[in-house]
Amino acid sequence: MKRILVLALFTFTILQGKQFPSFVQKCKLSDTNINDCLKNRAQEFSKYLADGVRAFKIPALKNFTIPEMKVRLPWTSGTYKNALYEPIYVYHADSFEMDLDKGIIVFNLSSPRASLRANYVLDGKLIQIPFHGEGVVTATAENITSSITVTGKKTTRNGKEYFDFESGRFKFGKHTIKSVYFANLFDGNVALTERINEVIFANREEMFEEFFPLLEVVMDDLVRRIFVGVFGTFSLDELFD
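Residue numbers (numbering that gives the first Met the number 0): 0 to 240.
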């Protein structure tokens, strides 16, 4: 009977995703260099994000897709659907600072390269030429820096101490936009398509000033899901040594 109860408890724990991942090395809360340890753990953790981490309720980030974004500029307005942003899970952990007593976590990271591919509908006017297009847009950026800031507070549940998520903010920093191309502008008129794409590329920084805040909103939600999955599932005694 006792074996049955133990087996049932073990099975229930697995089904609830409560088993702590064996591949995660824990840091010591009492370690004066805990931030260095956390930075290293954050770097190691990146290789598991493509397929997701069930125990932390983190979805697979491979083929990360944004359903829809709408961008308005003085010279154009557009709708972008099924935007594939990748590889979102490839990054370098630059620094990690955590102070649970003050309720703040700051993670700075950088990515060597990222690409965006979406189905677009675009209307606008450039160099006195009205244009309309429907097709696929592709864009790439390199040397992207960004930061994640999370706030929360310590709480006690069922006799265990947790860090409850309150807010999360993702912010893009420096970057270099290497390419932007809208296929099939002017219903496939090659000459006009190439000419307008040249003008768009020349004004790419203005365009992406509107894109990045939209991406940041999407990333804010992802930050929430990740941190709630980690800190909401496991107590501090379970997360740290």
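In this text, a Cβ means the ideal position worked out from N, Cα and C, and glycines have one as well.
Quantities reported herein were computed from a predicted structural model and do not represent experimental measurements.
Distance check between I225 and each of S166, N39, F22, R156 places S166 closest, using alpha-carbon atoms only. In the structure shown, G132 falls within a strand segment according to DSSP collapsed to helix, strand and coil.
DSSP places I33 in no beta strand (DSSP E) but in the uninterrupted alpha helix (DSSP H) bounded by 33 to 44. Taking C-beta separations shorter than 6 Å and ignoring five residues to either side along the sequence, the partners of M218 in its chain run F169, following chain order. Within the region 95 to 135, complete beta strand (DSSP E) segments of at least 3 residues are found at 103 to 125, given in chain order. Per DSSP, the unbroken alpha helix (DSSP H) holding A201 starts and ends at 189 to 201. F181 is positioned such that its CB atom lies closer than 9 Å to that of Y119. According to the DSSP assignment, D236 belongs to the alpha helix (DSSP H) that extends over 235 to 238. Collapsing the DSSP output to three states places A54 in a helix. Between the C-alpha atoms of A82 and F230 there is a straight-line separation of about 29 Å. For P86, there is no enclosing beta strand (DSSP E), since its DSSP letter is neither H nor E.
Counting along the chain, S166 sits inside the beta strand (DSSP E) bounded by residues 159 to 171. Rounded to the nearest angstrom, the Cβ distance from I176 to E204 is 7 Å, consistent with a contact under 8 Å. Fewer than three beta-carbon pairs drawn from the region 35 to 52 and the region 69 to 82 are found closer than 8 Å, and the two stretches are therefore not classed as touching. Taking all protein chains shown into account, I128 has fewer than 16 neighbouring C-beta atoms within 10 Å of its C-beta and is therefore exposed. Per the Cβ contact rule, the region 94 to 113 is in contact with the region 134 to 152 (3 or more Cβ pairs under 8 Å). In terms of CA proximity to E133, T78 leads the group R156, T78, R53. In this structure, the alpha-carbon of V52 lies about 32 Å from that of E208. Excluding residues up to 5 positions away in sequence, F95, I147 lie with their Cβ nearer than 6 Å to the Cβ of F106 in the same chain.
Between L191 and F200 a beta carbon distance of about 15 Å is seen, past the 8 Å cut, so the two are scored as non-contacting. Annotation for S178: the continuous beta strand (DSSP E) segment containing it runs 175 to 181.
The bridge partners DSSP lists for G151 are F164. Only residues of its own chain outside the window of five on either side were considered, and among them T150 have a CB closer than 6 Å to the CB of I103, listed in chain order. Excluding its 5 nearest sequence neighbours in each direction, I87 has C-beta neighbours in its own chain below 6 Å: L60, F63, listed in chain order.
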